[in-house]
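To keep things clear, I will list the structure first and then write my remarks on it.
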Amino acid sequence: MAGSAGLGDPLFPLAGNGGYDVSHYDLHLNYQPSSHRLAGTVTVSATATENLSRFDLDLRGFTISRLTVDGRGASFHRDGQELVITPRSPLRDHHRFTVTVEYAGVPEVVTDPDNSIEG
285 MAGSAGLGDP LFPLAGNGGY DVSHYDLHLN YQPSSHRLAG TVTVSATATE
335 NLSRFDLDLR GFTISRLTVD GRGASFHRDG QELVITPRSP LRDHHRFTVT
385 VEYAGVPEVV TDPDNSIEG
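Here it is in structure tokens:
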């Protein structure tokens, strides 16, 4: 089973993701003002709320250099602003897991459906 790509908000239908509950985000960032380049590593600690063969994270515009689920490489692809992750083994309901993503790039300016600007 795949977690949903969004939580169904009418203005932000793809914001958030179903199938898991996040308990902690650990971010390590390096920003170079002269080039506007941001490099980072995020580790997401979460618990599956259903059996998951794949799940999504929201990530727009960065190049991913490494991605692991529970310390093991996992396959991934992009679908718009969604980073679709397929762990080597499905995650069982109630399984506590970590996802680590190393990424870099220049952040984009994003205009949301409510015309607010981010980035």
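FYI, the numbering for the sequence shown is 285 to 403, going by my numbering. Think of the CB as a built atom: it goes at the ideal place given N, C-alpha and C, for glycine as much as any other residue.
Got a sec, what are the start and stop residues for the beta strand (DSSP E) residue i sits in?
i    : result
Q316 : Y304 to Q316
R372 : Looking at the DSSP string, R372 is not in any beta strand (DSSP E), and its letter there is neither H nor E.
S329 : R321 to A332
E392 : Neither: E392 is in no beta strand (DSSP E) and is coded neither H nor E.
Just checking my contact of residue i with residue j at CB under 8 Å: how many whole Å lie between their CB atoms?
i    : j    : result
D354 : T382 : 6 Å
R372 : R356 : 5 Å
Y304 : L336 : 7 Å
Quick one: grab the DSSP three-state call for residue i.
i    : result
F339 : strand
D359 : Checking the sequence shown, residue 359 turns out to be Ser, not Asp. S359 falls in the strand class under three-state DSSP.
R344 : coil
S349 : strand
R380 : strand
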